[in-house]
Amino acid sequence: MKLFPYLVLIRPANVLTAISDVIAGFAIAGVMGSFTGAYPLPDVLLIILSTIGLYGGGIVFNDIFDLDLDRVERPERILPSGRLSVRNAVSFGILLLSIGILTASLVSFSSMTIAVLITLLALLYDKFAKHHAILGPINMGACRGLNLLLGMSVMPLSALGNLVYLIFMPIVFIAAVTLTSRGEVSGNNRKSVFFALCLDLLIASVIITLGILQILTLSVVIPFVVLWLFMNLNAKVRAIIDNQPQRIMFAVKTGVLSLIPLNATYVAGFGHWMYAILVLLLFPAAILLSRKFSVT
209 MKLFPYLVLI RPANVLTAIS DVIAGFAIAG VMGSFTGAYP LPDVLLIILS
259 TIGLYGGGIV FNDIFDLDLD RVERPERILP SGRLSVRNAV SFGILLLSIG
309 ILTASLVSFS SMTIAVLITL LALLYDKFAK HHAILGPINM GACRGLNLLL
359 GMSVMPLSAL GNLVYLIFMP IVFIAAVTLT SRGEVSGNNR KSVFFALCLD
409 LLIASVIITL GILQILTLSV VIPFVVLWLF MNLNAKVRAI IDNQPQRIMF
459 AVKTGVLSLI PLNATYVAGF GHWMYAILVL LLFPAAILLS RKFSVT
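One gets the working numbering by counting positions in the sequence shown from 1 and adding 208 to each.
Spelled out as structure tokens, the structure:
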């Protein structure tokens with residue numbers, strides 16, 4: 209069995225961003241600040257395996273449901289080109305989602321519930337929501353927000369208090385990325401990209417405000433949030449000025465990959481800057497993978 213078509217299908221660079229989501233969740237939950245006997249390393253590894261399965265499975269079914277459209281717009285992709293059969297893709301997607309739910313269930317009931325919700329929302333997006341201007345971005349954002357919560361679920365969610373509301377930041381940001389993606393084939397989405405840019409500025413403002421309120425460590429967070437914001441402003445401004453598919457696709461790719469520095473921001477603020485650097489090391493790996501495997 210050739211593995212390469214399966215790797216192409218799951219978008220390996222994107223999977224790294226999903227892993228960074230749950231690592232950020234670990235930091236918010238306080239796990240990374242403790243190396244005592246209570247440190248749930250097996251649970252952490254299970255959650256990482258879970259997010260790989262959930263994200264990979266969601267991406268696989270995205271391409272399955274898009275097959276008819278891709279035959280016209282992107283015939284070079286794995287499924288429309290015939291390099292992998294639809295039957296094998298369906299089996300692969302089911303396997304990945306099953307692994308995602310099963311491994312989460314070994315951590316806690318809360319983790320399993322979140323994994324099931326992610327699965328349902330991913331399939332809802334793949335089949336229906338992506339075609340709706342408002343529901344689509346919110347749905348995709350909710351998947352990422354729940355992925356952050358999946359990482360946080362290594363600890364009892366009831367113990368996290370108001371920190372649970374931090375899941376709304378990836379919801380807003382991924383909604384912005386999804387808005388930007390509306391036009392990556394045809395272009396002419398300047399208003400959507402501008403609105404997405406405004407959402408990026410809102411997120412940066414919220415993070416800085418959390419630092420001022422001493423919920424995050426502001427001095428440690430600033431370099432990470434500046435890196436994240438610069439990446440997105442640069443890509444989106446270029447896409448607004450030259451509103452062509454190539455620029456838009458680059459803005460989408462940048463947005464997806466910049467989830468890693470955004471998650472490193474959470475880790476720096478709630479954990480320690482050294483852990484944040486380790487998360488940030490996923491970024492060059494994701495860049496290299498994005499040159500070999502598609503991101504959008």
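Ideal Cβ placement from N, Cα and C applies to all residues, glycine included.
Proximity below 8 Å, CB of residue i to CB of residue j
{"i": "residue 319", "j": "residue 255", "result": "yes"}
{"i": "residue 407", "j": "residue 384", "result": "yes"}
{"i": "residue 415", "j": "residue 393", "result": "no"}
{"i": "residue 338", "j": "residue 388", "result": "no"}
{"i": "residue 228", "j": "residue 429", "result": "no"}
{"i": "residue 386", "j": "residue 457", "result": "no"}
{"i": "residue 358", "j": "residue 230", "result": "yes"}
{"i": "residue 224", "j": "residue 497", "result": "yes"}
{"i": "residue 298", "j": "residue 287", "result": "no"}
Straight-line gap, residue i to residue j (C-alpha atoms, nearest Å)
{"i": "residue 302", "j": "residue 262", "result": "10 Å"}
{"i": "residue 439", "j": "residue 249", "result": "33 Å"}
{"i": "residue 465", "j": "residue 327", "result": "22 Å"}
{"i": "residue 330", "j": "residue 266", "result": "5 Å"}
{"i": "residue 322", "j": "residue 370", "result": "18 Å"}
{"i": "residue 210", "j": "residue 292", "result": "9 Å"}
{"i": "residue 366", "j": "residue 282", "result": "45 Å"}
{"i": "residue 217", "j": "residue 271", "result": "8 Å"}
{"i": "residue 280", "j": "residue 495", "result": "28 Å"}
{"i": "residue 364", "j": "residue 373", "result": "15 Å"}
{"i": "residue 289", "j": "residue 403", "result": "35 Å"}
{"i": "residue 308", "j": "residue 345", "result": "23 Å"}
{"i": "residue 315", "j": "residue 447", "result": "42 Å"}
{"i": "residue 417", "j": "residue 435", "result": "17 Å"}
{"i": "residue 252", "j": "residue 356", "result": "13 Å"}
{"i": "residue 264", "j": "residue 333", "result": "14 Å"}
{"i": "residue 245", "j": "residue 455", "result": "Low confidence applies to residue 245: its pLDDT is 47, below 50, so where it sits in the model is not reliable, and the reading given next is rough at best. Approximately 49 Å between the Cα atoms of the pair."}
{"i": "residue 219", "j": "residue 313", "result": "25 Å"}
{"i": "residue 489", "j": "residue 226", "result": "14 Å"}
{"i": "residue 276", "j": "residue 422", "result": "51 Å"}
{"i": "residue 420", "j": "residue 296", "result": "51 Å"}
{"i": "residue 341", "j": "residue 306", "result": "30 Å"}
{"i": "residue 325", "j": "residue 278", "result": "27 Å"}
{"i": "residue 425", "j": "residue 485", "result": "15 Å"}
{"i": "residue 500", "j": "residue 335", "result": "27 Å"}
{"i": "residue 391", "j": "residue 467", "result": "21 Å"}
{"i": "residue 311", "j": "residue 300", "result": "16 Å"}
{"i": "residue 274", "j": "residue 368", "result": "38 Å"}
{"i": "residue 317", "j": "residue 343", "result": "28 Å"}
{"i": "residue 437", "j": "residue 360", "result": "24 Å"}
Closest by C-alpha distance to residue i, when choosing among the options
{"i": "residue 258", "options": "493, 362 and 419", "result": "362"}
{"i": "residue 492", "options": "215, 314, 425 and 221", "result": "221"}
{"i": "residue 460", "options": "502, 364 and 296", "result": "502"}
{"i": "residue 483", "options": "494, 496, 469 and 495", "result": "469"}
{"i": "residue 285", "options": "307, 315 and 213", "result": "213"}
{"i": "residue 441", "options": "264, 359, 463 and 314", "result": "463"}
{"i": "residue 427", "options": "473, 437 and 467", "result": "473"}
{"i": "residue 431", "options": "412, 332 and 421", "result": "412"}
{"i": "residue 471", "options": "499, 390 and 382", "result": "382"}
Nearest-angstrom beta carbon gap, residue j and residue i [assumed within contact, 8 Å]
{"i": "residue 215", "j": "residue 268", "result": "The pair is not a contact, with the Cβ atoms about 11 Å apart (cut-off 8 Å)."}
Any non-hydrogen atom of the ligand PLP within 7 Å of residue i CB
{"i": "residue 418", "result": "Annotation note on the ligand PLP: not contained in the displayed structure, which lists no ligands."}
Contact between the region 444-452 and the region 390-410 (3+ Cβ pairs under 8 Å): Yes, the region 444-452 touches the region 390-410.
The region 344-352 in contact with the region 365-380 per 3-pair CB rule at 8 Å: Yes: at least three Cβ pairs fall under 8 Å.
Three or more C-beta pairs below 8 Å linking the region 231-238 and the region 472-485: Cβ pair count under 8 Å is three or more, so yes.
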